[in-house]
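Asker: All the letters of the sequence shown, read from the start, carry residue numbers 852 to 1281 under my numbering.
Where a beta carbon is used, it is the ideal one built from N, C-alpha and C, also for glycine.
Everything numeric in this text was worked out from a predicted model, so none of it was measured.
First the structure, then my questions, so here it is.
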Amino acid sequence: MSWARAFLERYLRIPSVSAQRTGMREAVTLLLETFRELDCDVRVIETAGNPVVFAEKKAPGAKKTLLVYNHYDVQPPEPFEEWISQPWVPTERDGRLFARGVADNKANLAVRLGALKALGGRLPVNLKFTVEGEEEIGSPSLAGFVASNREMLAADACLWETGGKDEQGRPDIICGVKGILHAEAVARGPSRDLHSSVGVAVPSPAWRLVHALAGLRAPDGVVTLPGFYDKVRRADKADRQALAAMPYDEESRKKLYGIDGFLGGLSGEDLKEALVFKPTININGLTGGYQGPGSKTVLPKEARVKFDVRMVPDQDPKEVEAALRKFLAPYRVELVDVHGYPPARTPVDAPVVKAAVDSARDAYGKEPWLLPLMPASGPMYVYRALMPCVSFGAGHPGANIHSPNENVVLADLEPAEKHMARFVERFALL
852 MSWARAFLER YLRIPSVSAQ RTGMREAVTL LLETFRELDC DVRVIETAGN PVVFAEKKAP
912 GAKKTLLVYN HYDVQPPEPF EEWISQPWVP TERDGRLFAR GVADNKANLA VRLGALKALG
972 GRLPVNLKFT VEGEEEIGSP SLAGFVASNR EMLAADACLW ETGGKDEQGR PDIICGVKGI
1032 LHAEAVARGP SRDLHSSVGV AVPSPAWRLV HALAGLRAPD GVVTLPGFYD KVRRADKADR
1092 QALAAMPYDE ESRKKLYGID GFLGGLSGED LKEALVFKPT ININGLTGGY QGPGSKTVLP
1152 KEARVKFDVR MVPDQDPKEV EAALRKFLAP YRVELVDVHG YPPARTPVDA PVVKAAVDSA
1212 RDAYGKEPWL LPLMPASGPM YVYRALMPCV SFGAGHPGAN IHSPNENVVL ADLEPAEKHM
1272 ARFVERFALL
């Protein structure tokens, strides 16, 4: 068993779920031990929330410094009944390793540390690591941490925490992430649930919420919130070239997702453009009134929805929040528990991106492809304000991130570790 896999299996046994406030200190303790084993200077920096682990490995005579970002927190494992094996017991099956958090994103830290160990005294750049514990709950403490420690975090570029390969085994190089706004909205009505017979005369908060939501997005997915698209940045020529070269196996993805077709009949270049360059609003869950077995005819006293908004450059979460509040007000729907962060990206032709592409070609023996903007989100903006960022990793399309039976392909760990090693070597030459 490789060093990286041995560390990974220990790491995966820690139930570090930030949403449930479990396993945080245990994860920090393991990271402290591991960075010390790798001869790094390491410290734990407390925040208003979960602590950040900062580690540094200096290379004598190095002219470049690379900052590596990861997170030790993971998503909740529920629903447990859909797991084939226990989420906190790393289990090898059919060439994959299954556990909660293995793809998002504990394996990526494992292969980065494995590369550091393999390079040993040949490390050509200074390395700095920040491993936070709140990414899965929106990174509420990260911006303050970075603002208070800018000198400590100074670097020439940042390697972000995610990435993988496509169905044909071609590695992706990610240049940015969408922003996100998480929100809960509530419509309130009578002081208690009422008999449904009064629905002919008493306003229903459930119906008010449904009507409000229907006004936010058309059936084809186009967001109808006024002004929503006003600041969306257009893709430039380099972006268009990257998009045209971007592989996307539609039939494989439909099978993977268990769907018959994509929203609004999207396909081809339009589908790829939507995934990469277009924002959206998505409902995460709806609740209101009676949800138990059988029937109970009530007019509920309130109804709630949890939703997220995925934003692209140059949309601003504060402006989107203000537009949502204005739109929902006539429906007497209130936004509560709102948080999020803006999008961030590095140009696809930046030198650090080229270093990532060239090193991926060396490590995998296949031509990598560029993803200008990842459809998902992350708090990259706090580092992108200081330096260019790029991302790659050990994931794959069937990793089941945020779902039961999360996994990585074991055979992917070695080339991902090699990619990291080759990347720092090429980065040193920039």
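#1: For a test of the three-state rule: what should DSSP assign to tryptophan 939, helix, strand or coil?
#2: Mapping DSSP to helix, strand and coil, what is histidine 1033?
#3: Along the chain, where does the alpha helix (DSSP H) containing proline 1266 start, and where does it finish?
#4: Residue ranges of each alpha helix (DSSP H) run of no fewer than 4 residues wholly in the region 920–973, ordered along the chain?
#5: Excluding the 5 residues preceding and the 5 following proline 902 in the sequence, name in chain order all residues of the same chain whose CB lies nearer than 7 Å to its CB.
#6: Taking just the CA atoms, how far does arginine 951 sit from alanine 1211?
#7: On the premise that leucine 1067 lies in contact with isoleucine 1132, defined as a C-beta separation below 8 Å, what is that separation, rounded to the nearest angstrom?
#8: Rounded to the nearest angstrom, what separates arginine 1155 and glycine 1140 at their Cα positions?
#9: Would you decide whether valine 1233 is buried or exposed? Buried here means 16 or more other CB atoms lie within 10 Å of its CB.
#10: So what does DSSP say about leucine 1076, is it helix, strand or coil?
#11: Roughly how many angstroms separate the alpha carbons of valine 1241 and glutamine 871, rounded to a whole number?
#12: To the nearest angstrom, how far is the alpha carbon of phenylalanine 1079 from that of serine 1055?
#13: What does a CB cutoff of less than 6 Å around isoleucine 988 pick up in its chain, not counting 5 residues either side in sequence?
#14: Buried or exposed for valine 940, going by 16 or more other Cβ atoms inside 10 Å?
#15: Taking the alpha helix (DSSP H) that phenylalanine 996 falls in, what are its first and last residues?
#16: Please report the residue range of the alpha helix (DSSP H) in which methionine 1097 lies.
#17: For proline 975, which beta-bridge partners are listed by DSSP?
#18: Per DSSP, which residues does methionine 1225 bridge with? Please list them.
#19: Name the residue from Pro928, Cys1009, Asp955 and Glu884 whose alpha carbon lies nearest to the alpha carbon of alanine 1201.
#20: I need the DSSP call for phenylalanine 880, collapsed to helix, strand or coil.
#21: Check whether the Cβ atoms of alanine 961 and alanine 855 lie closer than 8 Å to each other.
#22: Identify whether leucine 1107 lies in helix, strand or coil by the three-state DSSP scheme.
#23: Going by DSSP in three states, alanine 1247 sits in which element: helix, strand or coil?
#24: DSSP three-state call for threonine 1013: helix, strand or coil?
#25: Quick check on this structure: which residue in Gly1020, Glu1012 and Gly946 has the alpha carbon closest to the alpha carbon of asparagine 1258?
Answerer: The short version:
#1: coil
#2: strand
#3: Per DSSP, the continuous alpha helix (DSSP H) segment holding proline 1266 begins and ends at 1264–1278.
#4: The DSSP assignment places complete alpha helix (DSSP H) segments of no fewer than 4 residues inside the region 920–973 at 958–970, in order along the chain.
#5: Val879, Val895, Ile896 and Gly984
#6: 27 Å
#7: 6 Å
#8: 10 Å
#9: buried
#10: coil
#11: 30 Å
#12: 28 Å
#13: Ser869 and Ala870
#14: exposed
#15: According to the DSSP assignment, phenylalanine 996 belongs to the alpha helix (DSSP H) that extends over 993–999.
#16: Looking at the DSSP string, methionine 1097 is not in any alpha helix (DSSP H), and its letter there is neither H nor E.
#17: According to DSSP, which records beta bridges pairwise, proline 975 is partnered with nothing at all.
#18: Per DSSP, Val1028.
#19: Cys1009
#20: For clarity, residue 880 is threonine in the given sequence; the question names phenylalanine instead. The answer is helix: DSSP assigns threonine 880 an H, G or I state.
#21: For alanine 961 and alanine 855, yes; Cβs fall inside 8 Å.
#22: helix
#23: Inspection of the sequence shows that residue 1247 is occupied by histidine rather than by alanine. Coil at histidine 1247, not helix or strand.
#24: In the structure shown, threonine 1013 sits in coil (DSSP, three-state: anything other than H, G, I, E or B).
#25: Gly946
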